[in-house]
Structures are given as structure tokens and as C-alpha cells.
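K.L.:
Number of protein chains: 2
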Amino acid sequence: MFTIAEADPALTKEQAKPIEARLRTALLKAQYKRLQKNGRALLVVIAGIDGAGKGVAVTLLNEWMDARHIRTLAFGEPSTEEQVQPFFWRYWRRLPPRGRTGIVFGSWYKPLLAEAARKSPDLQKLSAMAQEVRRFEETLDNNGVQIVKLWFHLSRDAQVRRTDQLLADPDTAWQVMPEDIKVRKKFDRLRKAGELAIRLSNDPSRPWQIIPAADPLMRATCTGKAVLAALRDTAAKSPAQPAATDQAASPEVLQELDYSLSLPKSVDYDRELARWQAGLAKLTRHEKFRKLPLVLVFEGQDAAGKGGAIRRITHALDARQFHALPISAPNQYELAFPYLWRFWQNLPLPGAIAIFDRSWYGRVLVERVEKLCSPAEWQRAYGEINEFESLLQDNGALVLKFWLAVSKEKQLERFHDREQSPFKSFKITPDDWRNREKWDDYLEAANEMFERTSTGRCPWHIFPADDKRYARIKVLETIVESLENALDVRTAP
Amino acid sequence: MFTIAEADPALTKEQAKPIEARLRTALLKAQYKRLQKNGRALLVVIAGIDGAGKGVAVTLLNEWMDARHIRTLAFGEPSTEEQVQPFFWRYWRRLPPRGRTGIVFGSWYKPLLAEAARKSPDLQKLSAMAQEVRRFEETLDNNGVQIVKLWFHLSRDAQVRRTDQLLADPDTAWQVMPEDIKVRKKFDRLRKAGELAIRLSNDPSRPWQIIPAADPLMRATCTGKAVLAALRDTAAKSPAQPAATDQAASPEVLQELDYSLSLPKSVDYDRELARWQAGLAKLTRHEKFRKLPLVLVFEGQDAAGKGGAIRRITHALDARQFHALPISAPNQYELAFPYLWRFWQNLPLPGAIAIFDRSWYGRVLVERVEKLCSPAEWQRAYGEINEFESLLQDNGALVLKFWLAVSKEKQLERFHDREQSPFKSFKITPDDWRNREKWDDYLEAANEMFERTSTGRCPWHIFPADDKRYARIKVLETIVESLENALDVRTAP
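Structure representation (C-alpha cells):
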């Protein structure tokens, strides 16, 4: 079983001085090297008992390193916005870019530690929390964000000694905070809680490192050494997943689709469209909708009619409540973060709608086909994406994903049409023609994507779109019916 | 006097069709041209009576243009974070970058309109609000953000007719919101309020444009035309200020400073430092401090000891409450915004401290000397900066600005020292030597800066720093004493 040693090792000033000088030079060197090489971002998680001098150690670390490339990320009580977003949102939002370091106070371990510190902690709940935290860290670690976790530890005696010493001198008494005194009374319980939380969340790829915190010089040099080791560790932690060898081909969903499906002649399209739009408009203006974040994802081949379908939706919405995000290749700045980062930045609030014209599925479509990421990366992405959508749903969001499927012949026809139209010609680029050459590769990627990410909770809605009107009505119908279910509201036709 | 015409012009479908087709092509072309040329950002402010179809018009505009480069910015009730920041903060935060368009609902005119709509509006208050709004727009306009303001207008009869028509058909009734009905009762008062607000905030450089809103086709084409005209207008609106001709030289503050000032031999530096740090620590942990945002600005020549002075401050602070921002040349992304933008992004919350190691004063120092901006631009910056600091102070912030002054001889000595030290050599670059060659230009810029931005409310604190210890103690002393005054708290030494 995991326990923390009771020793309170110390350093004399004479011992510390040369160590500190070497550390400072080495830290700066390692920091610059990582910056120049555009290496992984580094998150240093700071935790441990109150009154262990965590703040002092971090201030010192900032003094030793080049503070321009470090950010202290202190998370306190969540703001109103943070309260309505998924728990991990605020951590995603403030990730440091590649090459940089973030020092995290009030990390994602806080609820875990709070639960562990209760008189009789719920072990099942704790395990579930630890599981989520582990997956969160794994996703970051696998996508260019290294994580180092430091646990500041000192014995009860040392804590009392340290705070008493500081209190004795009026010029250092300010270093002692009310929490530091309070902690004495329940020291043993808190220490046990820490041990429990550490044990449950333990992950050999990202172990907690114990910083002996009783002696200020020992504490500072250990913190510096741990950060130095992390900065020097340039290899990604997680073992590269072996590419699945016995991979059975996915069902050929797109090949077997009936592309001749179209709106029956008997149906008045304009009337039908207006009817579903009215339904959507009513639902999104319903009181119950104010609590629901709605996420709509559109994927499909070029010229499948994603834009047109989206316009038929937004036509029924108030411009103030939706946000349509056309997703193309990430820009230079976005490339400095994990691929999911830019989507975390654009999650809708309750009562708002985010419409993604292409999405995070780019990772397993264009990035796979164009070899912009490694096979291990896109294979891992299925699980990461399922987890991401699952977190949104846990938080009350309705997530609907659509694939508009066009046949190869129809696509060619539309490309030619676009080239003719004065206000559509901007939509056709050499890229579109290049993608068309890789038609079969994209089909294979899409088929595997359906198989791996169509979950019971969040299925793909796949519609043939050679008849645009048919596809548009199907999309609207799906949204309206899903909203009726989610809100438990009927809109009479 | 300014009044809005009562006419409700309309277009038939046949009239509108060719206009729309031409508009769409022209809008796309203008949009791409601006993007390619990295032209000014465009903010389209949407206002006018409720029930005038503003949302529908903007949705249509989004459909006509390439939505990838437009963002609808809808500002509703301010979040907790927005409530404690200066009023304009949320608008600064969400500015579109160069080349892009933002469509603003719930703009900075909202409080002005609300005041104007009161039974007996406070005209003096209204004028003051209009004044602030005008200065805000002027600062944006002068720094690469074009502003177009559209006022959607329709007569009382037309409003009633429009909403009644929509309500008659169950498939269009959803377009009518409760506000649209409510507005009828107080239509005349609201119309007058709108006229009053428009008149008071009227600025010939950025006039309101009236969009006749009764007829949907007329409304849409007028909106499109106004945006098209704006996109095509590539010249900056504000007349370039003539460079002041009869410019008297500023007092030679830095030349006349006594650089021999140093800490008296009788003073125990360590003891003195600890005393002021303890005072600072106590004050920043005081209950009253939780309501105060603290902004510390450090400027001064290279090697004047800014970093060292800052470390003596942060040493007394909790790592969780301060944020030290070393400011260097803006990166590619920051260059797409007005120069003040990146500072607006980094304002401290109440109870927090932002320490700027170099700052917005770069505009009138390095950017002036290195000719990175035009003389008109840096001359305008004095007023913009005073206004910026004034807004922070109005919002309850304490803003302290320090200039650490080093003599030319002492700087040389320190440059040589730095080159020797293993963990200081990173601080000396060819830039430092180049800046040194322009020593006199920097002195002149600094002296003029003191004269133009040392206001009664926000003076510069200028300290000779050849003796680093002297400067550090002076800085700490100033901060502690200013905080004592601001919080009305004494810390006994």
C-alpha cells in the first residue's frame, strides 16, 4: 500500500547554495531548449497539505526560471460560466501552448480530495472520479501536454514547527494563512485523505512525486529538480499503441446507402420545410430550452450539402442564440494545443446552439487520410472523442451528429455547377478536386468512424443527400424529434 | 434636429431578386479582398426597435457571406466576471482580428438606450455616457477596427402590421417574440429614446445608418448594402492628426535625476526589505483587498533592475494571487488587434495583482523610437492610454506606474556582468546593445511620456536605480503606502 514517509529531510544553507546555482542554470537551459524545439507543453500540478509552503516554492520557481514562458494557473471557486460548463472545461480552456509551462493550483484533483476527506468517503464515487481524471490526463498526455504532479508533504510536527516559527517573527507571520492553522486539527484525516486520493488516482505513466516540504531549502530544490527532470523528459510518456493487427473491415455503410432516396413528389417541399422550421423555432424558444446546450455536428463529402442544410436550420433560429463554426485546418496558434482544444473553446452555454460545419472528426477523416497524424494518434482518437461527447452529455448537452452522403457522380455534377455560379465559385478549390481523388480512402475512414463512434448514447445520423431537399428535411426532422424527447415537449404539427 | 423618417419603403420579389444576386457576389468579393489584404476588422453594431426583424436580417447576412470569417457577438446579461471588470472589457475581449467581421447585438449603446428610455432621463448622465462611448469607438477606429452602426427602424403601424401578419400563420408565428408585442405599448417612448440616444452619440466620423425595416426584402438589401459599403471602405475614417508643430521640448526629467542616490549606510537593507515585504503581505491578505484589482507597471531602460524589483514584490505575495506579465513585441496573433487589446485581456480581477514588466507604454517608447508606428499613432496614444487607465481606476483599480532609471555608465557595467553570469546571460541580447545606441532617443520619448501621461490621478513614480537596493525599497514603500491609502488600512511597522 502507498504511504508517505515521515522523514523531514533538511538542507543547510551551505549545502543548498551550489545546488541552487546549478539548478537555476539547468532549468533555464532546459526551458529554452523546449521552447526552441516547440516541445510538449508542461503542466505542473501542485497539491498537498495546507501550510506546506506550496505558494512559496512556486514563487521561487518563477524567480529561477524565465517567467515569460510560465503561467501560474490558480483555480478557485468556479465562475458562473464555469459552473454550467463540463468540469474539465476550465482546465482545457487555460492549457499552455506547446513549449510553455503552466503551474496549476486548485487542479482537477480538488473534488477527489474533498470527497476523500469526508468522514466516510464514498469509495465507488471516488473510483469513478479517479477514472475520469485519469482519462483526462491520458488525453492530454497523448496529445502534446506533459503532466507532472507534485505532492507537498510534511509531518504533523514539522507543520506545527514551521508555522510556529513563521508566526514568531512579525515580518514572516504573514506567510501563515488561516487555513494553515485550521489544518492542524484535522491533520491526520487530511493526510489519510491525500494518501487515499493519490492511491486511487495512481497511474504508473504519471505518478505523483512527493516533495518533502518541512525544510524550505529542501522543498525548493526538490521542486526545482522535479520540474527540471520533467523539462528534460522529451519523450511522450504513453506507450504508442500498437496498430490493431486483426482489424476486420468495417461494414460498408456508405457504399450500401440508397442514393436514389428523395422527397416523394406528393410532398410540398416548401410547406414541409416551413413546418419543421416552425417546430424547431418553437422548441428553441421554449422555456425548457434555456437549460439545454445544443451541439450539432455536420460531416460529409465536399458538396454534400452541409452548408445548405445548416442554413435551413439557422433560418429558424435567432441570430443571438446560435453560433455556426465552419472548421477548416487549424491555424498556427491552434496547432500549439491538443486537437480537441479548439472545440472545448467553443462549447455552447445552456440555451445556446453550436453548429459545427466539420468538427473534431477531422482527426479520423482528413488527418487520417492525408497522414497529418500517425495511425496510433487517429486510432486513439475514437476513444478520446467518445469520452469528449460523453462529458458534454453528462453535463446535459444534446449532441447530434449528421453525415450527409453524396454519390461520386452527384458530387462531380455539383462541382461543375459551383464553378459556374458567381457566388458559389468561392466554394470550389483545388483541394476539393484533390480530395475527390481519394474518394475511397475517405469512404473507408468514414465507415470505420461510424463503427467506432456511433454509440448508443450518441449515434450517427447518416442521410443520402443526392436529393438535397430530402436530406434537409431529414436533418430538421431528426433535430426536432430529438429536441422533443430531450425537453419532453411536443410541438403539434 | 435628428428625426427618423416615417416612410416604410418596400420591394417586390421581382425587384429584389437581381439586387440580391448582385449583392451576394459583391459581398463575397469585398469580404475576400479585405481578408487577403489583412484589412481593418469590421464591427457591425445592430440596434433599433424590437420586432423590427434584426435577427432575421443578420441571419440572412450570414447566409450571403462566407460565414467562416464572420462572428455574431451577442451580449446579454453580463457574467460575474464581466460584472467586476470595466464596462468595455467584454467588448474588447471579443474584438474580431484584422480582416474579419463581428456583428454586435447588445452593444455598448445598451445602457445609453436604457437611460434614454426612462420616464425622465438624466441628460447629464446621458451626455457623459455618450462621451465615453465616442472615445471607445474612436480608439478602436484609430487602431484598425472599423465600426458601422445600423439602426433598424419601422413605423408603429408597420411594426403592428408585421407582427400581426407573422402571428396569423402558425408556421411563422414563432418569429414574433414576447418583446415584439410588449414594444407596441410604449412604441412612441422607445422611438423617442432611440432618437435621443442616436442624437447624443452622433459622431460625423461614424454616423448611424437607418435601415428601413418594415419590408423584409428592403430590410435585407439595405443591410447588405450598408455592410458592402463598409467592407469596400478601406481608408481609415479618422483624419490623421497633424503632427504637433510648435512642440516645446519636455522637461529633461531623466537627465536631471540624481543617480548617486543610494540607501544610507546606516540602513540594514535586509531588515528594511523584510519590513516592507511584511507590510505588503499583510495588505494583500487584508479583507478589504479582496475588492481591489491592483495593476503595477514597470518601465525603464534595459538592466535598470525591473526584474529584480518585481521579484522583491512577488516574494511577499501568494503565487495564486498575482500574475507577472513580461511584455515583449506582440506576436503574429496579437498584431491582428489594437495595441491595447492584449492588455485588456490581462486585467486583474478584484483581489488579484497584475504586474506588467513593460506595458502599453511600449507604444510611445520602443514603437516610437523604432518607428514601428506612425507619429500620428504614438501621439494619439497618450490620450488613449490616459483614457484606458482612467477606466481601470473608475472601476476601482489601483494603478501604479514605475520608471526605474539607470545611468548610461551603470547600464554598461551591468551588461558586462550579465554576460559573465551563467543564469543571467540569457538576459542580454543584441537588441539590448542596439537599444543602447539609441539612448538619447529613448530619453526623449520617456521624458515626453512623463509629461503627457503623468496625471494627477495616475502619476509616474520615477526612481534612480544605479543603487538597486535603493530603488527596490522605494518601489515597495510606494506600493505599501498607496495601498494603505486605497484600503484605508495602516500596517504598523
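Residue numbers (the numbering used here), protein chains in the order written: chain A, 2 to 494; chain B, 2 to 494. Built from N, CA and C at the ideal position, the CB exists for glycine as well.
Report the residue ranges of all beta strand (DSSP E) runs contained in full by the stretch 297-346 of chain A; include only those spanning at least 3 residues, in chain order.
P.N.:
DSSP runs (the beta strand (DSSP E)) wholly in the stretch 297-346 of chain A: 323-327.
K.L.:
Check whether chain A comes within 7 Å of B:G34, counting only Cβ atoms and requiring the distance to be less than that.
P.N.:
To locate residue 34 of chain B, count along the second sequence from 1; it is residue 33. The amino acid at residue 34 of chain B is misidentified as Gly; the sequence shows Lys. It does not; no Cβ of chain A falls within 7 Å.
K.L.:
Which value, in whole angstroms, describes the spacing of the CA atoms of A:V481 and B:V184?
P.N.:
Here the question's residue 481 of chain A lines up with position 480 in the first sequence. Here the question's residue 184 of chain B lines up with position 183 in the second sequence. Spanning the two alpha carbons is a distance of roughly 30 Å.
K.L.:
Give a yes or no on whether the minimum CB-CB distance between A:T13 and chain B is below 7 Å.
P.N.:
As a working mapping, residue 13 of chain A is identified with position 12 in the first sequence. Output row for A:T13: interface = no.
K.L.:
Taking 7 Å as the CB-CB cut-off, is A:A48 touching chain B?
P.N.:
What you label residue 48 of chain A is simply residue 47 of the first sequence in a count that begins at 1. It does not: the Cβ of A:A48 has no partner Cβ on chain B nearer than 7 Å.
K.L.:
For A:H462, which of helix, strand or coil comes out of DSSP?
P.N.:
In the first sequence, the residue the question calls residue 462 of chain A occupies position 461. Strand, per DSSP.
K.L.:
Which word fits A:R276, buried or exposed, when buried means at least 16 other C-beta atoms lie within 10 angstroms of its C-beta?
P.N.:
By one-based count along the first sequence, residue 276 of chain A stands at place 275. It counts as buried.
K.L.:
Going straight from the alpha carbon of A:S206 to that of A:T140, what length do you get?
P.N.:
The residue labelled residue 206 of chain A in the question sits at position 205 within the first sequence. The residue labelled residue 140 of chain A in the question sits at position 139 within the first sequence. Going by the C-alpha atoms only, they are around 12 Å apart.
K.L.:
Name the chain B residues whose beta carbon is nearer than 7 Å to that of A:V370?
P.N.:
To locate residue 370 of chain A, count along the first sequence from 1; it is residue 369. Going along chain B, no residue has its Cβ under 7 Å from A:V370, so there is no contact; the nearest lies around 22 Å.
K.L.:
Using a Cβ-Cβ cutoff of less than 8 Å, which residues in the same chain neighbour B:R313 once the five nearest sequence positions on both sides are dropped?
P.N.:
Position 312 of the second sequence holds residue 313 of chain B. L274, Q278, R473, V476, L477.
K.L.:
Residues in the stretch 313-327 of chain B with C-beta within 9 Å of chain A's C-beta atoms, listed in sequence order?
P.N.:
Within the stretch 313-327 of chain B, the qualifying residues are T315, H316, A317, L318, D319, A320, R321, Q322, F323, H324, A325, L326, P327.
K.L.:
In the DSSP assignment, what are the bridge partners of A:V506?
P.N.:
The shown model of chain A, from 2 to 494, leaves out residue 506 of chain A, and the question about it has no answer.
K.L.:
Along the stretch 160-175 of chain A, what residues have a CB closer than 8 Å to any CB found in chain B?
P.N.:
Answer set for the stretch 160-175 of chain A: P171, D172, T173, A174, W175.
K.L.:
Tell me the rounded alpha-carbon separation between B:W65 and B:K55.
P.N.:
Residue numbering aside, residue 65 of chain B sits at position 64 when the second sequence is read from its first letter. Residue numbering aside, residue 55 of chain B sits at position 54 when the second sequence is read from its first letter. So the alpha carbons of these two residues sit roughly 15 Å apart.
K.L.:
Suppose you measure from the CA of A:L151 to the CA of A:E385; what does that come to, to the nearest Å?
P.N.:
Numbered from its first residue, the first sequence carries residue 151 of chain A at position 150. Numbered from its first residue, the first sequence carries residue 385 of chain A at position 384. Taking the straight line from one Cα to the other gives about 26 Å.
K.L.:
Quick check: what's the CA-CA separation for A:I20 versus A:A68?
P.N.:
For the purposes of this step, residue 20 of chain A is identified with residue 19 of the first sequence, where counting begins at 1. For the purposes of this step, residue 68 of chain A is identified with residue 67 of the first sequence, where counting begins at 1. For A:I20 and A:A68, the distance between alpha carbons rounds to 20 Å.
K.L.:
Under a Cβ-count criterion, where at least 16 other Cβ atoms within 10 Å of its own Cβ denotes burial, should B:L124 be classed as buried or exposed?
P.N.:
Sequence index remark: in the second sequence, residue 124 of chain B carries index 123 (1-based). Exposed.
K.L.:
Would you kindly work out how many angstroms separate the C-alpha atoms of B:E138 and B:V365, rounded to a whole number?
P.N.:
Walking along the second sequence from the start, residue 138 of chain B turns up at place 137. Walking along the second sequence from the start, residue 365 of chain B turns up at place 364. Taking the straight line joining both Cα atoms gives about 21 Å.
K.L.:
Using the rule of at least 16 other Cβ atoms within 10 Å of the residue's Cβ for burial, across every protein chain shown, is A:E414 buried or exposed?
P.N.:
Along the first sequence, one-based indexing puts residue 414 of chain A at 413. Under this definition A:E414 is an exposed residue.
K.L.:
Compare the C-beta of A:V177 with all C-beta atoms of chain B and state if any pair is closer than 7 Å.
P.N.:
Translated into the one-based positions of the first sequence, residue 177 of chain A becomes position 176. Taking Cβ atoms only, chain B never reaches closer than 7 Å to A:V177, which makes this a no.
K.L.:
Do A:M130 and A:L155 come within 7 Å of each other at the CB atom, strictly closer than that value?
P.N.:
Mapped onto the first sequence, residue 155 of chain A falls at position 154. Mapped onto the first sequence, residue 130 of chain A falls at position 129. No; because the gap between Cβ atoms is not below 7 Å, this pair is not in contact.
K.L.:
Residues in the same chain with beta-carbon distance under 8 Å from A:F3, minus the five sequence neighbours each way, listed in chain order, please.
P.N.:
By one-based count along the first sequence, residue 3 of chain A stands at place 2. The predicted model places A:F3 with a pLDDT of 46, which falls under 50 and marks its position as unreliable, so this point remains unresolved.
K.L.:
Give a yes or no on whether the minimum CB-CB distance between B:G56 and chain A is below 7 Å.
P.N.:
Mapped onto the second sequence, residue 56 of chain B falls at position 55. By this cut-off, B:G56 is an interface position.
K.L.:
Are the CB atoms of A:A159 and A:D9 within a distance shorter than 7 Å?
P.N.:
By 1-based counting over the first sequence, the position of residue 9 of chain A is 8. By 1-based counting over the first sequence, the position of residue 159 of chain A is 158. Yes, they are a contact pair.
K.L.:
Taking C-alpha atoms, which residue in B:A22, B:L62, B:W434 lies nearest to B:R227?
P.N.:
What you label residue 227 of chain B is simply residue 226 of the second sequence in a count that begins at 1. In the sequence as displayed, the identity of residue 227 of chain B is Ala instead of Arg. For B:A227, the nearest C-alpha among the options comes from B:L62.
K.L.:
By Cβ distance below 8 Å, which residues in the same chain neighbour B:L36 in space, the five residues on each side in sequence not counted?
P.N.:
In the second sequence, the residue the question calls residue 36 of chain B occupies position 35. So the qualifying residues of the chain are H70, G100, R101.
K.L.:
I'd like to know if the stretch 353-365 of chain B and the stretch 159-172 of chain B are in contact, where contact means that at least 3 CB-CB pairs between them fall below 8 Å.
P.N.:
These segments do not touch.
K.L.:
Would you decide whether B:K469 is buried or exposed? Buried here means 16 or more other CB atoms lie within 10 Å of its CB.
P.N.:
The residue you call residue 469 of chain B lines up with position 468 of the second sequence. That one is buried.
K.L.:
Output the boundary residues of the beta strand (DSSP E) element that contains B:W209.
P.N.:
For the purposes of this step, residue 209 of chain B is taken as residue 208 along the second sequence, with counting starting at 1. B:W209 -> beta strand (DSSP E) spans 209-213.
K.L.:
With a cut-off of 7 Å, does the C-beta of B:R69 fall near any C-beta of chain A?
P.N.:
Translated into the one-based positions of the second sequence, residue 69 of chain B becomes position 68. So yes, B:R69 belongs to the interface.
K.L.:
Compare the C-beta of B:E82 against all C-beta atoms of chain A and say whether one is closer than 7 Å.
P.N.:
Numbered from 1 along the second sequence, position 81 holds the residue referred to as residue 82 of chain B. B:E82 counts as touching chain A.
K.L.:
Which runs of the beta strand (DSSP E) at least 3 residues long sit entirely within the stretch 46-99 of chain A? Give them in chain order.
P.N.:
Runs found: 71-75.
K.L.:
In the structure shown, what three-state DSSP assignment does B:F3 receive?
P.N.:
As a working note, residue 3 of chain B is residue 2 in the second sequence. Residue confidence is low: B:F3 scores 45 on pLDDT, short of 50, so the model does not pin down where it sits. Its coordinate-derived value is still stated next. Here B:F3 sits in coil by DSSP.
K.L.:
For A:L326, collect the residues of the same chain with a Cβ closer than 8 Å to its Cβ; drop the 5 residues on either side in sequence, then sort them by chain order.
P.N.:
Indexing the first sequence from 1 puts residue 326 of chain A at position 325. N347, A355, I356, F357, D358.
K.L.:
Given this structure, state the Cα-to-Cα distance separating B:T492 from B:S267, to the nearest angstrom.
P.N.:
Here residue 492 of chain B is taken as the residue at index 491 of the second sequence, counted from 1. Here residue 267 of chain B is taken as the residue at index 266 of the second sequence, counted from 1. Cα to Cα, B:T492 sits roughly 23 Å from B:S267.
K.L.:
On the DSSP bridge list, what partners appear for B:I354?
P.N.:
As a working note, residue 354 of chain B is residue 353 in the second sequence. Looking at the DSSP assignment, B:I354 forms a beta bridge with B:L295, B:F323.
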